[in-house]
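For the sequence shown, position 20 (counting from the first letter as 1) is numbered 20 according to the UniProt record's numbering, and the numbering increases by one without interruption.
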Amino acid sequence: MGQLFKEYLSGDLIYCCSICKAHAATHDQIYAKTFQGRFGPAYLFNHVVNVCLGPREERILMTGLHTVMDIHCSSCFQILGWRYEKAYEEKEKYKEGKYIMEKARMDVENIANLFIRNSWKSRQQVASSHVSECNCAGVLLDALESAEVCGCS
Ligand SMILES: [Zn+2]
């Protein structure tokens, strides 16, 4: 197979593949956080990088029939989610061309607070104290994000 070109993103908060840590998307590409993937909660992104697409298929999702393509990490090939190719209902059309990424398959690279990622206990504490202070629990990705990065305080 050919040489892999890996794109590196910059930003305060970067979502990456949970296995190989290849960058996938920046925080500002999140369109919505209230989606459901195969493995639990998922985010909808406007744009992602370092993914390759699986075959087009018709799939019945919670919001009806869609044509989708699975997205795989282009480095380790785990399935990260899917891309909406076509929605058949008018109110679902906004999803076309956007990407679902499973929270369970993402990790977060937090440039401002890398140390938080090195200790599960401390990031749990950061997360729980943060949730009680502000109301942005939806921003927390498996308790990885801290008050400094959610930007809501
Ligand atoms: Zn990967």
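Here a beta-carbon is modelled for each residue, glycine too, at the ideal position from N, C-alpha and C.
Exercise. Reducing DSSP to helix, strand and coil, say where R38 ends up.
Key: coil
Quiz item: Along the chain, where does the beta strand (DSSP E) that runs through E58 open and close?
Solution: 51-61
Practice problem: Decide if D28 is buried, meaning its Cβ has at least 16 other Cβ atoms within 10 Å, or exposed. | Solution: exposed
Quiz item: Going by DSSP, which residues form a beta bridge with K86?
Solution: T67
Quiz item: Roughly how many angstroms separate the alpha carbons of F35 and K91, rounded to a whole number?
Solution: 15 Å
Practice problem: Tell me whether G97 is buried or exposed, calling it buried when 16 or more other Cβ atoms sit within 10 Å of its Cβ. | Solution: exposed
Quiz item: Does ligand 1 have a heavy atom nearer than 7 Å to the CB of I19?
Solution: yes
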